[in-house]
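Under the working numbering, think of the first position of the sequence shown as 1085, with each following residue one higher. For glycine and all other residues, C-beta sits at the position ideal for the given N, C-alpha and C. Reading through the structure tokens given below for one structure.
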Amino acid sequence: QCPVGYCCSKHGFCGQSDDFCKANCGFQCDGHPEASNAPAPQVGTYIHQCNIPGTVAMTFDDGPHTLTNQLLDTLKAKGLHVTFFIIGNTLENANNGPILKRAYDEGHHIAQHTYNHIDTGLKIVPEAEVRADLAKTEDAIYKIIGKRTRYFRPPTGISSPEQLKMMTELGYQVIHWNLDTNDWRHRDAQKVRDVYAQTLRGMDPKKHQLLALHHDIHDASVIAAPDVIKMVEDACFKIVTVPECLGDKQWYKDEGEHAGHRVPSIDANCVPKYPDVDGTCGVGVECPAGSCCSLWGYCGSGDGFC
């Protein structure tokens, strides 16, 4: 489900405009098909959810950036891997190439996000210009990691049917999302935490999944990452890369099965613990650190609670 104050579009995205709030169906509604038995994705389709229940694919757009190192430290300490959608022009900065190489070497999935991040989306850009942009980005990434990316996210999530056809010809999986942290909008780590707390509380790892949008050029998601990871794992979900959440063993165009691919599995013995979001607590819902759950099911720190 979308966080409080957001609506789910018919395409499965969370937002606040009429395009989202006038829709009747999307992620987790009755009319949205479960994907638990879905095969690996096919090139030429928009992908906005994972195929494997119990997975959370955390994705980070617009880097690499100096903040990316802090995020990589957090992920390495937890033994986790995510997907990075790279902006090509960031690699013009000599300091960013080693960050990208580090991410790849540490087992993260590298994907592309165009060279200059066209903020209007690709829809109004001529095909020849888009092709040239993608090729330029591929070359910039290849020089550093020696791989041709197979996964692509359009800037702002916008592209046209004609461009989807073109991306099919180029062999891309086109990735959207079904959870937008809006870290780019509010630049607030607590709001990133709140989005996850509100979303996870309504989810079942045996049925649901998330494909989450973050940005590693803003500190909100980087600062929130340790707490987000704990919330996701406490709710019995696995943090994985996009190919892993889709069951796709081919991460890059110029290889077969990726050597680092892991098959996510749900821990049948895990009992979900959901973060408190409204001051109540009880079975499966924990109070924030420093507070206790009273006999009446409320969080607090006085003698009546602890």
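Residue i versus residue j - alpha carbon distance
i: PRO1359; j: PHE1321; result: 14 Å
i: GLU1190; j: ILE1229; result: 12 Å
i: LYS1227; j: ASP1288; result: 42 Å
i: TYR1130; j: VAL1258; result: 5 Å
i: THR1325; j: THR1143; result: 8 Å
i: LYS1210; j: ASP1303; result: The question names Lys, yet the displayed sequence has Pro at residue 1210. Their Cα atoms are separated by approximately 34 Å.
i: GLY1172; j: VAL1214; result: 13 Å
i: PHE1168; j: ALA1224; result: 15 Å
i: LYS1314; j: ILE1202; result: 34 Å
i: GLU1317; j: GLU1339; result: 31 Å
i: MET1250; j: ASP1217; result: 13 Å
i: ASN1135; j: TYR1235; result: 16 Å
i: TRP1268; j: LEU1164; result: 23 Å
i: LYS1207; j: PRO1245; result: 9 Å
i: HIS1292; j: LYS1275; result: 22 Å
i: TRP1261; j: PRO1238; result: 11 Å
i: ARG1271; j: ILE1307; result: 10 Å
i: ASP1311; j: ALA1161; result: 13 Å
i: LYS1231; j: LEU1175; result: 15 Å
i: ALA1141; j: ALA1273; result: 19 Å
i: THR1139; j: VAL1166; result: 12 Å
i: GLN1133; j: TRP1335; result: 17 Å
i: CYS1354; j: LEU1295; result: 21 Å
i: ILE1242; j: CYS1376; result: 45 Å
i: ALA1212; j: HIS1299; result: 28 Å
i: ALA1219; j: THR1252; result: 14 Å
i: LEU1254; j: LYS1333; result: 18 Å
i: ASP1350; j: ALA1178; result: Per the sequence shown, residue 1350 should be read as Ile rather than Asp. Each residue's alpha carbon lies about 41 Å from the other.
i: THR1265; j: LEU1284; result: 13 Å
i: ILE1323; j: ILE1170; result: 20 Å
i: LYS1337; j: PRO1182; result: 22 Å
i: ASP1114; j: LYS1290; result: Per-residue confidence for ASP1114 stands at a pLDDT of 32, beneath the threshold of 50, marking its modelled position as unreliable; the derived number appears in the next sentence. Using only the alpha carbons, I get a separation of about 16 Å.
Bridge partners - residue i, DSSP secondary structure assignment
i: GLY1142; result: At residue 1142 the sequence reads Met, which differs from the Gly that was named. In the DSSP output, where bridge partners are listed per residue, MET1142 has ALA1296.
i: GLN1274; result: According to DSSP, which records beta bridges pairwise, GLN1274 is partnered with nothing at all.
i: ASP1264; result: LEU1297
i: VAL1258; result: TYR1130 and PHE1236
i: ILE1170; result: GLY1147 and GLN1196
Beta-carbon separation (whole angstroms), residue i vs residue j, contact threshold 8 Å
i: ASP1146; j: HIS1193; result: Incorrect: roughly 16 Å between the Cβ atoms, too far for contact.
i: THR1240; j: GLY1205; result: 4 Å
i: LEU1297; j: LEU1248; result: About 19 Å separates the two Cβ atoms, so there is no contact after all.
i: ASN1180; j: PRO1137; result: In fact, because the Cβ distance is near 35 Å, the residues do not count as touching under 8 Å.
i: PRO1348; j: ALA1319; result: PRO1348 to ALA1319, Cβ: 14 Å. No contact.
i: TYR1199; j: THR1221; result: 5 Å
i: THR1158; j: ALA1309; result: 5 Å
i: THR1233; j: ALA1195; result: 5 Å
Starting from the N-terminal side, write out each stretch of the beta strand (DSSP E) that is 3 residues or longer and does not extend beyond the segment 1308-1339. 1322-1324
Are the segment 1323-1339 and the segment 1279-1287 in contact at 8 Å, needing three or more beta carbon pairs? no
Quick one: any contact between the segment 1168-1186 and the segment 1343-1356, if contact means 3 or more CB pairs under 8 Å? no
Counting Cβ pairs, one atom from each stretch, are 3 or more of them under 8 Å apart for the segment 1296-1312 and the segment 1152-1159? yes
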